[in-house]
Every structure is written in structure tokens, then in C-alpha cells.
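In the working numbering, the protein residues as written are 53 to 508.
We put the CB at the ideal spot given by N, CA and C, even for glycine.
As the structure is a prediction and not an experimental result, all values here were calculated from the model.
So the structure is just underneath, and the comments pick up after that.
This is the structure:
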């Protein structure tokens, strides 16, 4: 049955290889179960509900990828997109998390329509490769910056706006301990990845967490719930109480749409759409290239099914109560282990479902333990900077503006807008619009972003 459905022999693989690949993929991306509730709870969402929604969305999305495309790619709420959701849309712009979920839900519906046609690929091809790479790098910096802030390594300062945590004198207290533990966690995670330890990011989180427990038992880390410092020692391991999902499930349909201007909502939704577009397509092409799945023309067979799975998972994930669900670059870990079919994805999805009963354990993991994961994921995304041609200033300057705007403006969408506007305008004024093949779509996007700054 498995052979007939997943075509294992045709893809030169077997059940054992696919199962091991699925476990490997889960190990490398299971950190999202700790990180996503941590990030979205900052937007006022119930952390337990977000964890359940994260596991369910990951299971559904990954299963759809297996059934619709027979690829070994796994899906989960995307890093960067969850940060945009919490820190830009909710905390930055002041919208409710229900409105943000509605934007994600609508984005998914639009992607479903686009995925059933060739429009999604056409949009992808219209955007210059330079900006695609710059968006990835900018998001990487933004994610790493959030990690450093969550761990209190970088803190607010009245004189310079930002500074580093002091590790000596009276200022070194519980806050200083968390910053120090996060730094140790980054080093540990780095060594694990250099040593090619499978699930290095997840192990980095767990080791940092254990060190935190030791510090709490030794009295170095003192829990203070009023100050936001909670005990890092778990009081339960498993739970079969999933009632918390009621705090987020279906809330997307209870959003007070009257409280937001339609143009504002379109901008928010389009930002999710834009980032998700590049994140998904870039990951699909990158991972499939590593697995030699691209045809002789460099195209991915059955890409429509893969894109449809991603789109449907996004809308379903919003109903569960989480930010945009997207294809994960960590799928490359499973591919490296030999995963070639949807059976790998099915195994990964089932493990996400199984993780639900361990929710008390994941919810106890502190932000200083997940911070190393954010910094390392940011590092991975920085790799795209090598694809930017810094000898061509027509490309390089807009790319730089896009990259630097994201962490400094604390907004992914602002970086995207500045990148699109600067690339189009510089190409036009410098007389290189024809050489750069600036598309009609890029002109339209530029005008829309300029109007955003004028009227919003």
C-alpha cells in the first residue's frame, strides 16, 4: 500500500529510509513548538492554545504536502512571519491578534486561488532575485535581533536607545543570568551544528533550558512572575487536556473588522502574502534542488500541489489560531537522510501530532532558551547575502536598504516596501529600467507602497 501510494521504488527509497528521514526533519524543526508560543504570546495570545494550534497546523500542512504532491517537505508556522504577526501588526500597529489572524486567513485563500493557476509562479518571476535574497537576509537579522532582545542580551538605553546587558556589578542579577545562559546556548548550538548533530537547534534549546533549571535550583535565577520571570522547572510532562485551543480556534471569524481601515488591512494582508510567497517558493526550489528533484529546465514537477498544500495549510492554521504556515527549509535535513517521498512528510506530521500531549513541557521552556534558536535561524537566513551582486549598485543599494530597514524599523513589511520602491526608482532614474527588465507588476507595487506612505 505504501509502495503503491508513495511510489517508493520509483523514487529509489524504502520505508526505513523514509521513516528515519521523517524523524530527522521533525528533530530539526521541533523548536517551533517552543518558539512560536513564545513569540505569539507577546501579542496577547494564550501560549498553550498557540502550541496546540502550531502542532495541528504543522500536522495538517505536512500531511497535505504528502497527499497532494508526494514530497518530503514539512510545514509549520513560519519564522519571521510569526515575528511580523506579533511585533509589527499587533504590537507595532496596534491591531488585535484576531485581525492579524484574519489577514493570514485571507492571504491563504488568495494563495489557494493563485496556486490553482500559474499566477503565483508569475509573481515570483516578476520580482528581481536581488530583492528575494535581500528579504531573506533582512528577516534573518530581524529574527536574530528579536532573539537577542528576548534573552535580554540587548536592552533599552536612554542614551543610545540600545545597549548590551552588563555582566558585572549590581546590574548582574536574574536578568544577567538569562542573558549569560542565552549566550552559552548560542555557543552550544553552534558547536552542535558544526559537528553535524541532527536536531542541533532543538538540543541547543534543551541544554540551555537544563542549565536554567540548575541556576534556579542554585538560587542564581529567581522566578518573579510579576516581572515576567517564571519558573523554568516543569511541574508536569504530559497532558491530555486540549481545551485551551478554544481560546484561539475560530477567533479569526470573530475579528472586529470595523475597527480597521480597509486599506490598512490590505497592506497587512499583502505583507503576509509577499513574505510567504518568497519563503515558500524559495524553500521549495532550494530543498528540491538539494534532493535533485528539479527537471532539466530547473522546474519542480508537481509544484502546483506543493503550493496548494502550503496555501490551504495557511488558512487552516489561521482557523486553529497561529500565524502563516509555510514550507520549512529544515526539510533539507530529512532530504539529506534520504527522504524522497510524502512518506517522510507523513512521519514528520504524525510526530507533530504526538507532541501535543507534551504541551506542559514545551510551555515551560523560557525565552532565554529559545533565543539561541532565533539567532541561529537568523544566521541561516543570512546566507542569501552571498547571492547579492554588490558590484552592481543598481541591485546592491536597494538590497541593502531592504535588509537594514527590517531590524531598524522593527518591521518586515517596511523593509519590503523600501526595497521595492528603491529598486524600481533607482533602475528608472539611472536609465537601467530596460536592462533590469522592470516588470509592470513592479511598477504597480512601487506605486502602491508609495501611496501607503502618503496616506497611512
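Would residue i pass as a contact of residue j if the rule is Cβ separation under 7 Å?
i: residue 313; j: residue 150; result: no
i: residue 117; j: residue 125; result: yes
i: residue 400; j: residue 87; result: no
i: residue 382; j: residue 72; result: no
i: residue 263; j: residue 233; result: yes
i: residue 425; j: residue 83; result: yes
i: residue 288; j: residue 412; result: yes
i: residue 129; j: residue 106; result: yes
i: residue 365; j: residue 120; result: no
i: residue 493; j: residue 178; result: yes
i: residue 160; j: residue 367; result: yes
i: residue 183; j: residue 475; result: yes
i: residue 427; j: residue 238; result: yes
i: residue 79; j: residue 250; result: yes
i: residue 470; j: residue 454; result: yes
i: residue 259; j: residue 240; result: yes
i: residue 332; j: residue 300; result: no
i: residue 261; j: residue 456; result: no
i: residue 188; j: residue 436; result: yes
Looking at the strands, I want to know which residues DSSP matches up with residue i.
i: residue 128; result: 378
i: residue 281; result: 276
i: residue 215; result: 207
If distances are taken between C-alpha atoms only, which option among the options comes closest to residue i?
i: residue 8; options: 152, 420, 98; result: What the structure shows of the chain is the stretch from 53 to 508, and residue 8 is not part of that stretch, so it cannot be assessed.
i: residue 460; options: 59, 193, 70, 142; result: 193
i: residue 320; options: 385, 455, 133, 400; result: 133
i: residue 157; options: 137, 201, 75; result: 137
i: residue 394; options: 437, 122, 475; result: 122
i: residue 267; options: 283, 469, 217; result: 283
i: residue 479; options: 66, 180, 357; result: 180
i: residue 500; options: 316, 260, 148; result: 316
i: residue 85; options: 215, 254, 208; result: 254
i: residue 414; options: 276, 286, 275; result: 286
i: residue 148; options: 372, 189, 92, 169; result: 92
i: residue 309; options: 75, 153, 358; result: 153
i: residue 198; options: 336, 506, 140, 236; result: 140
i: residue 356; options: 170, 75, 66; result: 170
With respect to 6 Å, is the separation between the Cβ of residue i and the closest non-hydrogen atom of the ligand NAD below this value?
i: residue 244; result: Among the ligands in the structure shown, none appear at all, so the ligand NAD cannot be discussed.
Meets three-Cβ-pair contact criterion under 8 Å: the stretch 315-329 and the stretch 463-474
As far as the Cβ criterion goes, the stretch 315-329 touches the stretch 463-474, which means the pair count is three or higher.
Inter-stretch contact (C-beta, 8 Å, three-pair minimum) for the stretch 106-119 and the stretch 403-417:
yes
Is the stretch 380-396 in contact with the stretch 157-166, if contact means three or more CB pairs nearer than 8 Å?
no
For the stretch 117-195, list the beta strand (DSSP E) runs that are entirely contained and at least 3 residues long, ordered along the chain.
127-129
Would you say the stretch 291-300 touches the stretch 243-250, given that touching needs at least three Cβ pairs under 8 Å?
no
Are three or more beta carbon pairs between the stretch 91-99 and the stretch 429-446 nearer than 8 Å?
no
Could I get the ranges of all uninterrupted alpha helix (DSSP H) runs contained in the stretch 376-463, with 4 residues as the minimum, in chain order?
The stretch 376-463 contains these whole alpha helix (DSSP H) runs: 383-388, 394-406, 411-416, 419-434, 445-461.
For the stretch 53-111, list the alpha helix (DSSP H) runs that are entirely contained and at least 4 residues long, ordered along the chain.
54-58, 67-81, 84-92
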